Amino acid sequence: MKKIKILAESDEMIVNKIKEKIKIKSSRPSENPLEDYFYNNDKKYIDKWEHYFNIYHKHFKKFRNNEVTVLEFGVFKGGSLQMWKDYFGKKARIIGVDINPECEKLTENQIEVYIGDQENRAFLKSLMKKIGPVDVVIEDGGHQMKQQIHTFEEVFPNVKQGGVFLIEDLHTSYRETYGGGLKKKEHLLNMLKT
Ligand SMILES: C[S@@+](CC[C@H](N)C(=O)[O-])C[C@H]1O[C@@H](n2cnc3c(N)ncnc32)[C@H](O)[C@@H]1O
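Using the numbering used here, read the sequence shown as starting at 784 and increasing by one per residue.
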C-alpha cells in the first residue's frame with residue numbers, strides 16, 4: 784500500500800513565505816510606481832490584489848500630477864487613500880467613502896472621508912452633490928450586488944468625460960453570498976453587458 788504524506792503548512796510558515804515574497808519584490812524596483820509603493824509601504828495598511836497594479840497604472844497614469852478628483856469606495860485602514868495621494872500627486876483631491884464611522888479619522892491633507900452606505904441611493908445622491916464631478920472612481924466597498932449596482936448607477940453619470948470608473952472584485956457577481964450567482968440575472972456583470 785502506498786503511503787501518502789500530508790504536509791500541512793502552519794500559519795507561521797505561510798506568513799513567512801508571504802514576508803519573503805514581499806522582501807524580494809520590494810528590493811526590485813518595478814516600472815510601476817503603485818507596485819513599488821505597495822511593496823515598500825510602511826504607512827497605513829493597503830488591501831489590494833497585486834495583479835491589479837498594472838491595470839490601475841495603465842488607466843490612471845494620464846491623470847498623474849494633474850488636478851484630479853479621485854473617489855474610492857471602501858476606506859478600511861486608509862492605506863489605499865494614502866497610496867492614491869502619493870501616486871496622483873500634490874494637485875490631487877482624494878475622497879474616500881466607507882460605512883464604518885471609524886474611517887472618519889483617516890482624513891489628512893488632500894484626503895477627505897465621507898461616511899455612509901453605498902447601497903443607499905439618497906446618500907449617494909447627496910454625496911455627489913457635495914463633491915461634484917470626479918475623474919476617477921475606484922469601487923472597492925462591500926462588493927454586494929445592490930451596493931455595486933446602486934453605486935454604479937448613481938456615480939457613473941458624475942464621472943467627467945475621459946474619466947475612469949474601475950470596479951474591483953467583479954467575481955462577486957457569481958458568488959451567492961454577495962447577492963450574485965451563476966443563474967442569477969440581476970448582478971452587476973450582466974447589467975454591464977447589456
Ligand atoms: C476591501 S475593504 C477596502 C480596502 C481599501 N480600499 C484598501 O485597498 O485598503 C472594504 C471596505 O468597504 C466598506 N464597506 C462595506 N460595506 C459598505 C457599504 N455598504 N458602504 C460603504 N462602505 C462599505 C468596509 O467597511 C471596508 O472598510
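Built from N, CA and C at the ideal position, the CB exists for glycine as well.
Remember, predicted model here, so these are calculated numbers, not experimental data.
Distance between residue j and residue i (C-alpha atoms, nearest Å)
i, j, result
"K868", "R847", "10 Å"
"V938", "K826", "29 Å"
"E814", "L953", "26 Å"
"S956", "G963", "4 Å"
"D881", "N849", "25 Å"
"K912", "T977", "28 Å"
"V851", "K841", "16 Å"
"K748", "E959", "Coverage of the chain is limited to positions 784 through 977, which leaves residue 748 absent and any answer about it impossible."
"I894", "A905", "23 Å"
"Y820", "E885", "25 Å"
Cβ pair residue i, residue j closer than 8 Å
i, j, result
"K943", "V917", "yes"
"K899", "L910", "The sequence shown places Gly at residue 899, not Lys. Yes, the pair counts as a contact, with Cβ atoms nearer than the cut-off."
"Q927", "Y961", "yes"
"L736", "E922", "Past the boundaries of the shown model lies residue 736; the chain is included only from 784 to 977, so the question cannot be answered."
"F836", "E818", "yes"
"L972", "T934", "no"
"Q901", "Q930", "yes"
Where the beta strand (DSSP E) through residue i begins and ends
i, result
"Y897", "894-898"
"I829", "Where I829 is concerned, there is no enclosing beta strand (DSSP E), given that its DSSP letter is neither H nor E."
"R958", "Per DSSP, R958 belongs to no beta strand (DSSP E) and is neither H nor E."
"D869", "Segment 862-871 is the alpha helix (DSSP H) holding D869; no beta strand (DSSP E) there."
"F836", "Unbroken run through F836 is the alpha helix (DSSP H), 836-843; no beta strand (DSSP E)."
"L854", "852-856"
Reference residue i; option with closest CA among the options
i, options, result
"I829", "L975, H842, G861", "G861"
"I932", "N824, L975, V853", "L975"
"N892", "K873, P940, A905, L907", "K873"
"I878", "N837, V853, G857, N973", "V853"
"N883", "T890, A875, V858, Y870", "V858"
"F871", "E959, E895, F821, P816", "P816"
"I914", "F821, K831, K967, N941", "N941"
"W832", "F856, S863, G946", "S863"
"E936", "N903, E959, N824", "N903"
"A875", "E951, E969, K845", "K845"
"F856", "G946, E951, Y839", "E951"
"Y839", "E885, V947, L965", "V947"
Residue i - containing alpha helix (DSSP H), residue span
i, result
"G936", "One point to set straight first is that residue 936 is Glu, not Gly, in the sequence displayed. First-last of the alpha helix (DSSP H) with E936: 928-938."
"K908", "904-914"
"L953", "Here L953 belongs to no alpha helix (DSSP H), and DSSP marks it neither H nor E."
"E814", "Counting along the chain, E814 falls outside any alpha helix (DSSP H), and DSSP gives it neither H nor E."
Any chain B beta carbon closer than 8 Å to residue i
i, result
"L910", "Looking at the structure shown, chain B is missing, and only one protein chain is on hand."
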